[in-house]
Amino acid sequence: GQQLNQSPQSMFIQEGEDVSMNCTSSSIFNTWLWYKQDPGEGPVLLIALYKAGELTSNGRLTAQFGITRKDSFLNISASIPSDVGIYFCAGITVSSRLTFGEGTQLTVNP
Amino acid sequence: EPEVTQTPSHQVTQMGQEVILRCVPISNHLYFYWYRQILGQKVEFLVSFYNNEISEKSEIFDDQFSVERPDGSNFTLKIRSTKLEDSAMYFCASNLQPDTQYFGPGTRLTVL
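Residue numbers (the working numbering), protein chains in the order written: chain L, 5 to 114; chain S, 2 to 113.
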């Protein structure tokens, strides 16, 4: 089945720093989604990308759908303590199932 | 803002027992899903459901699992005879079109 390789696995940053994480795959995806998950809760949708090359922002978050349709990145600018959590990329192919990456654990030190 | 709800938030059961996890998807959504997340791991797809039937299922979704939409609002996941390895967070998700999916808060299933 499809696999998404997400990196880095974890990040430790200072408040105010910018963050970048990405996902790559050997498979083509039609949609890329980025979710954030807090402990004991469900994934919360941050950004959805529908077209190759698309660059979309949501406040301090920016994500891009790679031209090859095999990768995506998420940037967080000027991080704040509440950005702490696990960030997952997820992709959709021709079926509607989501394939998730392994997640990036983000820690922000005040 | 409408959201997916799930009950119970935590279910503890004995191995071999049947459990039913319940979900109320967002009201105008048409596509429904179940995912699970073993502690510390990524979220894994179990099954998708549309037009009152399963549209896709993963290799995890074996004969012990079943889904049902018993009325216009609920969507359930039944595990007939639970095993220790079924312990996980189970998430329901829904959407209006088969792309962006909105997740519920999850049910933590603990099998003893």
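Even for Gly, the Cβ is constructed at its ideal location relative to N, Cα and C.
Please go through the same chain and pick out, in chain order, the residues whose beta-carbon is closer than 7 Å to the beta-carbon of I96(L), but skip the five residues on each side of it.
F33, N34, T35 and L102
Minimum Cβ-Cβ distance from T35(L) to chain S less than 8 Å
yes
Give me whichever residues DSSP pairs with V25(S) in a beta bridge.
T6(S)
Cβ neighbours of R109(S) in the same chain (closer than 6 Å, five flanking residues each side left out):
H11 and M90
Closer than 8 Å to chain L by CB, P99(S):
yes
Listed by chain order, chain L residues near G107(S) by CB distance under 8 Å
G44, E45 and G46
Within-8 Å CB hit, A52(L) to chain S
yes
With H, G and I counted as helix, E and B as strand and the rest as coil, what does DSSP make of S86(L)?
helix
Taking 8 Å as the threshold, find out whether the region 67 to 82 of chain L comes into contact with the region 16 to 27 of chain L through three or more Cβ pairs.
yes
Here's the rule: buried if 16 or more other CB atoms are within 10 angstroms of the residue's CB, otherwise exposed. What is F69(L)?
buried
Going along chain S, which residues have a C-beta under 7 Å from E21(L)?
Simply none; closest approach about 25 Å.
Segment contact, 8 Å Cβ cut-off, at least three pairs: the region 37 to 54 of chain S with the region 99 to 113 of chain L:
yes
Assigned secondary structure, L85(S) (DSSP; H/G/I helix, E/B strand, else coil)
helix
Of the choices L37(L), D42(L) and L8(L), whose alpha-carbon is the least far from that of A56(L)?
L37(L)
Candidates I39(S), S28(S), L31(S) and E19(S): closest to G107(S) by CA position:
I39(S)
Going by beta carbon distance, what residues of the same chain come within less than 6 Å of P114(L), once the five residues before and after it are set aside?
E19 and P85
Spell out the partners DSSP gives M25(L) in its beta bridges.
L78(L)
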